[in-house]
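Residue numbers (this note's numbering), protein chains in the order written: chain A, 1 to 216; chain B, 217 to 432. Ideal placement from N, C-alpha and C gives every residue a C-beta, glycine not left out.
This is the structure:
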């Protein structure tokens with residue numbers, strides 16, 4: 001399955017030339033994004049909150065405390081929307097009107113279910129931990145019974161998803177190109193990991209492990 | 217006015233110690249974030265889309281094409297939620313359970329109004345352009361009448377806003393600290409602008425202007 005299967009609400013209406021149809025694009029955006037923005041309807045108004053997540057196959061796992069209002073209410077099989085955006089650069093054009101951004105965006109619609117089966121919950125928590133901090137699941141202490149009970153995990157199917165990607169330079173009008181008055185191009189935006197900062201309560205000389213030191 | 221004025225939905229329920237109450241925090245998050253995630257209810261389900269924006273005083277201006285479904289429907293004085301998240305680093309703790317992220321998050325609730333007054337629309341478009349590409353408004357060609365008509369701008373008051381900020385190291389359990397088995401600390405995440413990439417249709421030797429070259 002490499003084709004996205006858009007429904008009405010997951011069909012890209014604007015900028016169809018930017019709509020992706022390949023499931024590998026969807027997966028790579030979800031795997032590269034560190035957090036998602038989760039939208040839900042609460043008491044009659046939309047709420048959008050940054051949320052930790054991970055993808056396993058065709059399922060997005062969303063993480064939260066069982067006490068969190070967003071998760072409690074999201075658990076009730078209500079419609080949600082998860083959005084992951086990677087901003088790749090700013091597009092400078094000869095006109096203010098054609099300024100734009102290069103980005104890769106994934107939007108998923110659906111009704112999440114709460115993950116209660118112990119094995120699936122364990123694998124989902126492992127995936128969310130590894131998504132946030134690759135290598136940590138094996139290095140750190142894994143959850144005990146109390147911690148498992150205090151963690152809620154939602155599963156959202158990737159069945160109804162859309163991808164939008166913009167790449168390349170500006171789309172200037174011919175007259176503006178001919179005028180030659182202004183610079184045009186792309187200023188790329190990069191993300192990078194900095195120097196690890198050991199916790200003050202860590203023993204002196206505790207080495208920074210490879211999975212932290214070498215994170216790309 | 218430096219205090220946020222939380223209502224029920226803009227009060228931070230989880231992690232109150234992370235709730236910001238200072239309006240300068242709100243402003244700095246909005247000014248540093250490049251895009252927001254705009255949530256709205258469409259045909260009975262939430263939709264969250266990455267959106268260009270800018271702050272002027274206590275108003276958030278949201279940008280879109282007049283043909284965009286999200287803007288058309290958002291224009292109807294419906295409730296929306298705009299979320300801006302700056303991810304500052306990953307918090308590695310001794311237990312998988314206490315892994316976390318350092319971030320600054322602003323969430324704004326309200327009913328946006330469409331900006332129709334010419335002077336306000338002009339200033340809003342200027343602000344959105346300058347937010348995306350500082351220096352571009354004066355350098356590039358400014359919008360003509362047709363372009364102005366083809367652009368929709370929404371104004372969202374910052375009256376109902378919440379800020380959540382997490383900084384610092386992990387909050388590990390005493391037993392895990394005593395065990396001394398795992399590394400703990402923060403891996404910072406940085407954003408940086410890369411080398412400007414001139415458009416292929418730019419005249420040879422056209423200099424990269426200072427506002428692009430020196431962007432921080």
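Could you tell me which chain B residues have their CB closer than 9 Å to the CB of residue i, listed as they occur along the chain?
i	result
residue 180(A)	418, 419, 422
residue 143(A)	311, 312, 313
residue 198(A)	385, 399, 400, 401, 402
Along chain A, in chain order, which residues have C-beta atoms closer than 8 Å to that of residue i?
i	result
residue 323(B)	47, 48, 49
residue 301(B)	35, 37, 50
residue 355(B)	182, 183
What does DSSP give as the partner residue(s) for residue i in the beta ladder?
i	result
residue 267(B)	252(B)
residue 428(B)	For residue 428(B), which the question treats as bridged, DSSP gives no partner whatsoever.
residue 352(B)	The partner list for residue 352(B) (beta bridge, DSSP) is empty, contrary to what the question assumes.
residue 198(A)	401(B)
residue 46(A)	41(A)
residue 296(B)	256(B), 326(B)
residue 280(B)	368(B)
Please work out which residues of its chain come closer than 8 Å, Cβ to Cβ, to residue i, disregarding the five sequence neighbours upstream and downstream, and give them in chain order.
i	result
residue 339(B)	272
residue 173(A)	94, 95, 98
residue 412(B)	424, 428, 429
residue 350(B)	427, 431
residue 410(B)	none
residue 253(B)	264, 265, 266, 267, 298, 299, 300, 301
residue 180(A)	none
residue 77(A)	111, 112, 113
Cβ atoms of residue j and residue i: under 8 Å apart, would you say?
i	j	result
residue 110(A)	residue 101(A)	no
residue 131(A)	residue 211(A)	no
residue 276(B)	residue 374(B)	yes
residue 215(A)	residue 303(B)	no
residue 324(B)	residue 298(B)	yes
residue 50(A)	residue 301(B)	yes
residue 224(A)	residue 264(B)	A question about residue 224(A) goes unanswered here, because the residues of chain A that appear run from 1 up to 216.
residue 191(A)	residue 242(B)	no
residue 184(A)	residue 418(B)	yes
residue 398(B)	residue 145(A)	no
residue 91(A)	residue 200(A)	no
residue 35(A)	residue 104(A)	no
Any Cβ of chain B within less than 8 Å of the Cβ of residue i?
i	result
residue 122(A)	no
residue 94(A)	yes
residue 212(A)	yes
residue 209(A)	yes
residue 176(A)	yes
residue 162(A)	no
residue 57(A)	no
residue 3(A)	Caution applies to residue 3(A), whose pLDDT of 44 falls short of 50 and renders its modelled position unreliable; the value that the coordinates give is listed next. Answer no: the Cβ-Cβ gap between residue 3(A) and chain B never drops below 8 Å.
Examine chain A for any beta-carbon lying closer than 8 Å to the beta-carbon of residue i, and answer yes or no.
i	result
residue 432(B)	no
residue 403(B)	yes
residue 238(B)	no
residue 352(B)	yes
residue 222(B)	The predicted model places residue 222(B) with a pLDDT of 48, which falls under 50 and marks its position as unreliable; any figure quoted below should be read in that light. No - not a single Cβ of chain A is within 8 Å of the one on residue 222(B).
Leaving out five residues on either side along the sequence, give the residues of the same chain with a beta carbon under 7 Å from the beta carbon of residue i.
i	result
residue 217(B)	Confidence is the limiting factor: at residue 217(B) the pLDDT is only 32, short of 50, which leaves the residue's position unreliable, though a coordinate-based value still follows. Answer for residue 217(B): 239, listed in chain order.
residue 328(B)	278, 290, 296, 370, 371, 372
residue 262(B)	255
residue 167(A)	102
residue 6(A)	Note on residue 6(A): pLDDT 48, under 50, position unreliable in the model; no value is reported.
residue 248(B)	302
For residue i, which residues in chain B fall below 7 Å Cβ to Cβ?
i	result
residue 80(A)	262
residue 77(A)	Chain B residues near residue 77(A): none, gap ~12 Å exceeds 7 Å.
residue 129(A)	312, 315
Which residues in the same chain have their Cβ closer than 6 Å to the Cβ of residue i, if we skip the five residues on either side of it in sequence?
i	result
residue 115(A)	121, 124, 153, 155
residue 393(B)	none
residue 129(A)	136, 137
residue 28(A)	none
residue 58(A)	158
Which residues in chain B have a C-beta closer than 8 Å to the C-beta of residue i? List them in chain order.
i	result
residue 101(A)	250, 251, 268, 348
residue 194(A)	305, 403, 404, 405, 406
Find the residues of chain A that neighbour residue i, judging by a C-beta separation of less than 7 Å, and give them in chain order.
i	result
residue 363(B)	97
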